Amino acid sequence: MPSTIAEKILARAAGVDVVKAGDNLPVRPDYMIAYDFPGYTDVMFKQMHDDFGIRTLAEPHRYVVFIDHMLTKGTEQEREVHQVTRDWCEFYGIELHEARGIGHQVMAELGYALPGNFLIHFDGHISGAGAFGALGWGVRRDLLEAWVSGQIYLDVPATTRFELVGELADGVDSRDLVHHIIGEYGADGCAHQVMEFSGPGARGMSIDRRQGLCGMAMFTGAVSAVFEPDEAALSYARRVASTGFTPQLPDEGADYAAVHTIDLSELRPRVVLPGSARSDNTRGVDELAGTPVTKAFIGSCASGRIEDIRAAALILDGRKVAPGVELNVVPTSDSVHQQAEREGLLDVLRAAGAQIARSSCDFCFGYQKPLQPGENCISTGVLNISGRMGSTEANIYMGSAYTVAASAVAGTISSAEGVARS
Amino acid sequence: MSALRDYPPPPDLIRGRVAWIFGDDFDIDLVIGVENIKSYDADFLRSKVMREFDPTFADRVRPGDVIVGGRNFGYGHPHYPPMVALRDLGIAAVLAESFSPGFWRGETYNGMPLLTVPGISTGVTKGDNVAVDWRAATVRLDDGTELRGTPPSDRVRRVIEAGGSLKLLLAEHAHQPADQA
């Protein structure tokens with residue numbers, strides 16, 4: 001029976017020949033991933049040990065834990081949170097990756113997000129693994145089910161296929177594509193589904209941009225997103241893999257809930273109004289031109305990769321961040337940070353007045369330099385709900401790294417095209 | 423998670439009234455206000471729940487009442503306290519045109535019946551009496567009208583019968599030999 005990528009990955013992980021959308025069955029993830037966060041990992045480890053009586057793991061290599069949140073204050077509370085995680089990981093023999101960057105990026109660098117792999121996490125941005133032809137699914141507290149039983153019951157999702165053609169114009173990013181998709185098809189346009197990206201526009205898109213796009217899948221209602229693995233994905237995977245992997249391509253005649261064709265060359269920069277990424281909050285940058293900003297942020301698991309930093313450097317080269325604006329740039333991982341330094345990009349950003357911070361999740365959730373009441377921030381973060389980056393009385397606008405950099409220079413929301421002309 | 427309440431499984435037939443009808447893309451955090459989404463304190467949540475919608479809500483809701491939503495109910499970045507606040511009052515189920523996946527998974531884990539019932543948001547009026555057979559996903563009104571939704575999967579049915587995923591998992595997996603984990 002012809003199958004989508006998601007159906008093929010889930011069938012393999014479930015150990016059956018075929019699954020189809022709507023089936024409910026237990027699936028064994030290749031990796032069951034978490035980042036340490038109070039109320040999640042500490043509670044889950046304690047439940048495994050105290051409530052379930054689990055003392056040793058048969059397959060500890062399937063458990064992966066990152067420390068990427070709460071790294072920047074140096075407080076006793078931080079030290080305690082992380083020590084609890086270290087102790088549990090040591091007890092169970094689980095590999096712990098500490099302070100190497102944002103887990104959703106580091107998992108790719110370490111070879112967990114290989115083509116055909118099935119990954120779960122309590123956090124939905126694991127969907128960024130789709131850039132490599134892996135399926136990453138955020139299951140919230142159901143991660144515990146997998147941790148204690150090695151498997152998780154899931155509804156096999158339907159798939160919407162996106163045929164991408166054309167190339168993104170200068171100053172336009174895959175971030176603009178995700179907001180375009182939400183604008184066109186709604187915040188539930190792919191509800192409970194997987195987004196499958198294909199076509200020449202997909203093959204022409206860099207891995208970084210694929211990660212940024214797939215990582216935002218939840219805002220279309222999707223449970224995940226996945227690119228057809230091509231040579232770019234396979235060559236990345238071969239470079240980082242320490243295990244074998246089985247790339248999955250969709251079958252001819254697979255059943256799709258919908259098929260949409262999008263011409264990337266027609267896309268223009270988008271900005272999302274404070275509140276959420278839903279359709280009626282999505283605007284062209286030009287519609288918001290002139291909106292003053294005090295903070296600008298490039299980072300998060302949906303940005304801050306080398307392509308995003310190159311985009312920012314392109315805009316900021318020879319320019320200055322506007323007076324009264326603070327631009328913070330957070331590379332997605334230490335390895336991205338080092339590459340950006342080697343390429344001289346961070347020198348360009350620093351010369352423009354940007355502040356570069358060590359890689360972590362801390363800006364994006366309002367832990368590091370929280371926004372103050374009345375501030376307007378333009379951000380590549382994943383969320384702009386009230387209070388997400390600090391005060392509930394601050395406003396968060398979201399856009400691409402191009403748009404954030406251009407807005408930082410102008411002091412008002414601006415497209416990269418606008419700055420390039422000035 | 424330890425701050426979450428222990429709620430019993432729902433009865434076979436949930437009988438109550440429609441306590442409120444929300445629109446499409448409803449962000450559940452608004453039930454208590456985004457500035458309050460980190461509290462699990464019962465008195466505090468009761469003082470905040472639905473205040474912005476109806477200040478009498480907490481006093482008039484009775485156990486067994488349900489809330490109704492439009493399309494994509496629970497959209498946004500759902501936190502747990504808003505549903506704790508509603509369940510503390512006795513809200514026994516959410517009936518909606520459709521649910522946002524993250525909300526659906528998070529609250530199903532907590533054992534809350536979330537029923538997808540096409541036509542529900544226009545088919546009932548606030549205050550209507552409803553009898554909800556949550557396993558069959560049917561909603562019967564006083565006038566005999568019946569709305570039919572999508573029954574939960576066998577696995578979700580078992581989660582709800584157990585009073586949440588944690589209890590089901592404990593029944594299935596607690597104290598098993600460690601080498602089976």
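Quick note, the sequences are listed as chains A and B, same order.
Every letter in the first sequence is one number past the one before it in the working numbering, and letter 201, counting from 1, is 201.
Positions in the second sequence are counted from 1; adding 422 to them yields the working numbering.
Each residue gets a CB set at the ideal place from its N, CA and C atoms; glycine is no exception.
Since the model is a prediction, treat every value here as computed from it, not as a measurement.
{"query": "Would you call the CB atoms of glycine 486 of chain B and glycine 438 of chain B closer than 7 Å?", "result": "yes"}
{"query": "What number of angstroms, rounded off, separates the C-alpha of serine 424 of chain B from the C-alpha of tyrosine 462 of chain B?", "result": "Model confidence at serine 424 of chain B stands at a pLDDT of 42, short of 50, so the residue's coordinates are unreliable and nothing is read from them."}
{"query": "Where does glycine 53 of chain A fall in DSSP's three states?", "result": "coil"}
{"query": "On the premise that valine 561 of chain B lies in contact with isoleucine 542 of chain B, defined as a C-beta separation below 8 Å, what is that separation, rounded to the nearest angstrom?", "result": "7 Å"}
{"query": "With a cut-off of 8 Å on the beta carbons, I'd call leucine 213 of chain A and glutamate 228 of chain A a contact; round off their distance for me.", "result": "In fact, because the Cβ distance is near 13 Å, the residues do not count as touching under 8 Å."}
{"query": "Going straight from the alpha carbon of threonine 547 of chain B to that of phenylalanine 122 of chain A, what length do you get?", "result": "36 Å"}
{"query": "Return yes when the C-beta of lysine 589 of chain B is under 6 Å from any heavy atom of the ligand GTP, and no when it is not.", "result": "In terms of ligand content, the structure shown is empty, and the ligand GTP therefore cannot be addressed."}
{"query": "Tell me, to the nearest whole angstrom, how far the beta carbon of arginine 580 of chain B is from that of leucine 590 of chain B; I am working on the premise that it is less than 8 Å.", "result": "6 Å"}
{"query": "Does any CB atom of chain A fall closer than 7 Å to the CB of alanine 480 of chain B?", "result": "no"}
{"query": "From aspartate 564 of chain B to arginine 473 of chain B, what distance separates their C-alpha atoms?", "result": "29 Å"}
{"query": "Less than 7 Å between the beta carbons of alanine 416 of chain A and alanine 408 of chain A, yes or no?", "result": "no"}
{"query": "How many angstroms separate the CA atom of asparagine 376 of chain A from the CA atom of tyrosine 185 of chain A?", "result": "28 Å"}
{"query": "Our contact map puts alanine 146 of chain A next to valine 194 of chain A with C-beta atoms below 8 Å; I'd like the distance itself, whole angstroms only.", "result": "Contact flag wrong, Cβ pair sits at about 19 Å."}
{"query": "Identify, in the order they occur along the chain, each residue of the same chain with its Cβ nearer than 7 Å to the Cβ of phenylalanine 132 of chain A, setting aside the five sequence neighbours on each side.", "result": "Ala108, Ala113, Leu114, Pro115, Pro229, Ala233, Tyr236, Ala237"}
{"query": "Should proline 157 of chain A go down as buried or exposed, given a rule of 16 or more other Cβ atoms within 10 Å for buried?", "result": "buried"}
{"query": "Applying the 10 Å Cβ sphere with the 16-neighbour rule, what's the burial state of phenylalanine 475 of chain B?", "result": "exposed"}
{"query": "Would you please state the rounded distance, in angstroms, between the beta carbons of threonine 246 of chain A and serine 303 of chain A? I believe it to be under 8 Å.", "result": "Rounded, the Cβ-Cβ distance is 30 Å, inconsistent with contact."}
{"query": "Between A/Leu345, A/Met218, A/Met205, A/Trp137, which has its C-alpha nearest valine 165 of chain A's C-alpha?", "result": "A/Met205"}
{"query": "Whole angstroms are fine: how far does the CA of aspartate 51 of chain A sit from the CA of glycine 512 of chain B?", "result": "28 Å"}
{"query": "So, is the C-beta of histidine 499 of chain B closer than 7 Å to a C-beta in chain A?", "result": "yes"}
{"query": "Which bits of chain B does aspartate 36 of chain A rub up against, with CB to CB less than 8 Å?", "result": "Near aspartate 36 of chain A there are no residues of chain B at all, since even the closest Cβ is about 14 Å away, more than 8 Å."}
{"query": "Is any beta-carbon of chain B found at less than 7 Å from that of histidine 125 of chain A?", "result": "no"}
{"query": "Chain B partners of leucine 383 of chain A, CB-CB under 9 Å?", "result": "Gly498, His499"}
{"query": "Nearest chain A C-beta to aspartate 555 of chain B closer than 7 Å, yes or no?", "result": "no"}
{"query": "Suppose contacts are defined by Cβ-Cβ distances below 7 Å. Is alanine 514 of chain B in contact with proline 432 of chain B by that definition?", "result": "yes"}
{"query": "Any idea which residues DSSP pairs aspartate 155 of chain A with across the strands?", "result": "A/Asn24"}
{"query": "Once the 5 residues before and after isoleucine 306 of chain A are set aside, which same chain residues still bring their CB inside 7 Å of it?", "result": "Asp208, Val336, Gln339, Ala340"}
{"query": "Which residues does DSSP pair with phenylalanine 425 of chain A in a beta bridge?", "result": "This structure leaves residue 425 of chain A out entirely; chain A is present only between 1 and 422."}
{"query": "Buried or exposed: which applies to histidine 597 of chain B, given that a residue is buried once 16 or more other Cβ atoms fall within 10 Å of its Cβ?", "result": "exposed"}
{"query": "Please give me, in chain order, every unbroken run of the beta strand (DSSP E) with length at least 3 that falls completely inside the stretch 256-331 of chain A.", "result": "258-263, 270-272, 282-284, 295-298, 326-329"}
{"query": "In chain order, what residues of the same chain lie with their CB nearer than 6 Å to the CB of threonine 243 of chain A, ignoring the 5 residues before and after it?", "result": "none"}
{"query": "In whole angstroms, what is the alpha-carbon distance linking alanine 313 of chain A and valine 382 of chain A?", "result": "21 Å"}
{"query": "Ordered along the chain, which non-local residues of its own chain (more than five positions away) have a Cβ less than 7 Å from that of methionine 216 of chain A?", "result": "Val178, Ala302, Val382"}
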